[in-house]
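Per full-length UniProt numbering, residue 1 is the first one in the sequence shown, and the count goes up by one each step.
Backbone N, C-alpha and C fix where the C-beta goes; we use that ideal spot for every residue, glycine too.
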Amino acid sequence: METLQSQMGKHPEAVFTFRGKPIKRANQAAWRKARDRAGLSDFRFHDCRHIWATNHVISGTPIYQLKELGSWSSMEMVQKYAHLNVEHLKKFADNASRFGTSVAPVENQAVQKKKQPA
């Protein structure tokens, strides 16, 4: 992660560069060697895109802006790449607790209104 962060700002659009120009194709041999040294033998270069999108969502980037940043043609693709973990979802699920624990079901209220005389 430190290596990726050290590359930020070196190019206006690309994260991975060589001599100031975006890298268009990954060197598979170099990737495998670095990956294996890091003990991540089943990690694919493309997995970085999933991590990037997920970190954006967790950091609060709106999904419509993420769609543009990731150059995806549909919201379905954003959902495919941006994964939320249980802790992130729990944080938002806990927001409901501020409404209290006693909530009347909507359908019961509708039935009660129909039974009242006009």
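- Taking all protein chains shown into account, decide if residue 86 is buried (16 or more other Cβ within 10 angstroms of its Cβ) or exposed. It is exposed - the Cβ of residue 86 has fewer than 16 other Cβ atoms within 10 Å.
- Query: Between residue 43 and the rest of its own chain, which residues show a CB-CB distance below 8 Å, the 5 nearest in sequence each way excluded?
  - Reply: Within the same chain, residue 43 has close Cβ partners 35.
- Would you call the CB atoms of residue 11 and residue 17 closer than 8 Å? yes
- Message: Within a Cβ cutoff of 8 Å, which residues of the same chain sit near residue 112, ignoring the five residues on either side of it in sequence?
- Response: Its pLDDT being 48, under 50, residue 112 is placed unreliably in this model, and the value from its coordinates should be taken loosely. Taken in chain order, the list of residues that qualify is empty.
- Item | Beta-carbon proximity list for residue 66, same chain, < 6 Å, skipping 5 on both sides | For residue 66, the CB contacts under 6 Å within the same chain, skipping 5 residues up- and downstream, are 56 and 78 in chain order.
- Task: Helix, strand or coil for residue 33, going by three-state DSSP, please let me know.
- Result: helix
- In angstroms with no decimal places, state the Cα-to-Cα distance between residue 51 and residue 82. So the two alpha carbons sit approximately 7 Å from each other.
- Message: Spatial neighbours of residue 13 within its chain, please: C-beta separation below 8 Å, excluding the five flanking residues on both sides.
- Response: 22
- Query: When DSSP labels each residue in this structure, what does residue 67 get in the three-state scheme?
  - Reply: In this structure, residue 67 counts as helix in the three-state DSSP scheme.
- Endpoints, alpha helix (DSSP H) assigned at residue 127: Given that the chain is displayed from residue 1 to residue 118, the structure contains no residue 127 and the question cannot be resolved.
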